[in-house]
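This report refers to the structure that appears directly beneath it.
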Amino acid sequence: MRIGIIGTNFISDWLVAASAKVSQVEITAVQSRTRERGEEFAARHGIGVVHTDLDTMLADSGLDAVYVASPNAVHAEQCLAALSAGKDVLCEKTLGVDAAECATILDAAVQHGRVVLEEVRPLFDPAWQVISENLSLVGEVRRVSFEKGQYSSRYDKFRAGTIENAFRPELGNSALADIGVYSLQPAIDLFGAPKSATATSIRLHNGFDAAGTLLLSYDDFLVECGYSKISTSARPSVIEGERGSILIDSVAEPARVEFLGRDGEHRLLLDGPPRKAQDNLHHALEVFAELCAERRVEHRWREVTIRSRELMDLTPLLPST
């Protein structure tokens with residue numbers, strides 16, 4: 330499966346590295362707004378074709394799919410163009426800037442008979458399968474706290490007066506879209522859509538959503554999804570039930586998962602070395618390749634994308650004034 334990359338940021342670097350672990354895919358082209366940056370990226374990774382025009386890239390019959398790693402604000406435009414050109418699409422989170430955009434893209438995928446998959450790394454990590462399979466250990470679930478706090482390397486520049494794209498809400502960016510999805514989407518994948526939800530957030534002086542919490546209410550339990558780009562969380566995530574709790578060291582890169590029973594039982598469900606953000610990206614590539622090979626256009630992660638984005642819309646990109 331031959332994939333072209335749209336965008337040359339660090340996540341594109343991660344994808345190329347991840348592709349080396351997936352025999353079904355090959356990165357054969359890259360598109361960048363500038364020839365110089367595109368050629369530098371291609372030379373660094375041994376990619377043979379560089380495009381500066383997206384339409385030209387999408388017209389290439391040698392490409393089967395694209396990975397969209399551009400700013401969130403242009404995801405919809407680029408995904409729709411790729412689908413119209415007959416390409417399958419793996420898109421960096423978030424798929425769209427709101428639920429309406431996500432629905433438009435996913436509907437277009439069905440119309441064109443192509444696969445669209447939002448790349449939210451933990452959803453495809455086998456560690457979450459381990460968590461799902463052992464969920465019954467806790468008994469009746471009562472309270473869940475999923476948390477991802479990561480002090481942004483760009484925040485110091487923001488504090489010094491330089492606002493980079495990652496902190497610009499007008500480009501479709503927010504801490505919820507960048508970091509919060511890692512706590513929210515696993516919750517929706519495990520428990521489904523909640524009956525109701527509330528959201529609160531901390532805004533910086535330019536209106537950027539920098540940290541916050543989504544509280545999801547189910548029939549008989551609550552799920553708290555916390556996130557931050559202005560602080561780093563040192564707490565594990567927890568699924569609490571009447572018979573015990575499952576502790577997860579990191580919702581985004583789970584490496585250690587353990588069960589602590591109310592009666593003193595302790596079970597180590599997963600025990601691996603600490604992982605970096607790029608360490609589980611290849612799982613998303615594997616799932617994407619499998620979906621494309623089987624032409625599974627209407628897969629279960631479509632629902633996770635839509636329901637999660639609906640909840641994310643409770644915290645608008647630009648607050649009303």
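Just so you know, the working numbering puts 407 at position 78 of the sequence shown, and the rest follows in order with no gaps.
In this text, a Cβ means the ideal position worked out from N, Cα and C, and glycines have one as well.
For residue i, name the three-state secondary structure that DSSP assigns.
i	result
residue 336	coil
residue 627	coil
residue 381	coil
residue 531	strand
residue 366	helix
residue 608	helix
residue 443	coil
residue 580	coil
residue 353	coil
residue 525	strand
residue 643	coil
residue 451	helix
residue 341	helix
residue 401	helix
residue 638	helix
residue 503	coil
residue 618	helix
residue 433	helix
residue 371	helix
residue 498	helix
residue 465	helix
residue 438	helix
residue 482	coil
residue 348	helix
residue 316	This structure gives no information on residue 316, because the portion of the chain shown stretches from 330 to 650.
If residue i and residue j are in contact, beta carbons under 8 Å, what's the gap, nearest whole angstrom?
i	j	result
residue 395	residue 418	6 Å
residue 581	residue 556	Incorrect: roughly 10 Å between the Cβ atoms, too far for contact.
residue 351	residue 611	5 Å
residue 331	residue 355	6 Å
residue 561	residue 480	5 Å
residue 441	residue 415	7 Å
residue 452	residue 523	At roughly 18 Å, the Cβ-Cβ gap does not stay under 8 Å, so residue 452 and residue 523 are not in contact.
residue 513	residue 543	6 Å
residue 503	residue 526	Contact doesn't hold; Cβ gap of about 16 Å is too wide.
residue 387	residue 410	6 Å
residue 510	residue 422	5 Å
residue 630	residue 344	The pair is not a contact, with the Cβ atoms about 18 Å apart (cut-off 8 Å).
Mind checking which residues open and close the alpha helix (DSSP H) that includes residue i?
i	result
residue 426	No alpha helix (DSSP H) contains residue 426, which DSSP labels as neither H nor E.
residue 407	404 to 413
residue 461	455 to 462
residue 538	Where residue 538 is concerned, there is no enclosing alpha helix (DSSP H), although the beta strand (DSSP E) it sits in stretches over 538 to 546.
residue 575	Counting along the chain, residue 575 falls outside any alpha helix (DSSP H), though it belongs to the beta strand (DSSP E) covering 573 to 577.
residue 492	That residue, residue 492, is in no alpha helix (DSSP H); it is neither H nor E in DSSP.
residue 388	Careful: residue 388 lies outside any alpha helix (DSSP H) and carries neither H nor E.
residue 513	510 to 520
What residues are listed by DSSP as bridge partners for residue i?
i	result
residue 477	556
residue 595	589
residue 568	473, 575
residue 600	585
residue 419	396, 446
residue 359	334, 379
residue 551	472, 546
Restricting to Cα atoms, I'd like to know which of the options is closest to residue i.
i	options	result
residue 432	340, 458, 503, 404	404
residue 517	632, 489, 472	632
residue 595	416, 467, 455	467
residue 338	377, 400, 372, 387	400
residue 372	357, 384, 382	357
residue 361	597, 384, 346	384
residue 472	531, 606, 464	464
residue 424	439, 643, 334, 637	637
residue 550	408, 469, 635	469
residue 497	345, 646, 342, 336	646
residue 367	597, 349, 342	342
residue 475	567, 530, 592, 617	567
residue 398	336, 448, 434	336
residue 455	626, 608, 648	608
residue 591	574, 584, 606, 504	574
residue 597	606, 577, 603	577
Please list the terminal residues of the continuous beta strand (DSSP E) segment that includes residue i.
i	result
residue 675	Only positions 330 to 650 of the chain appear in the structure, and residue 675 is not among them; the question remains open.
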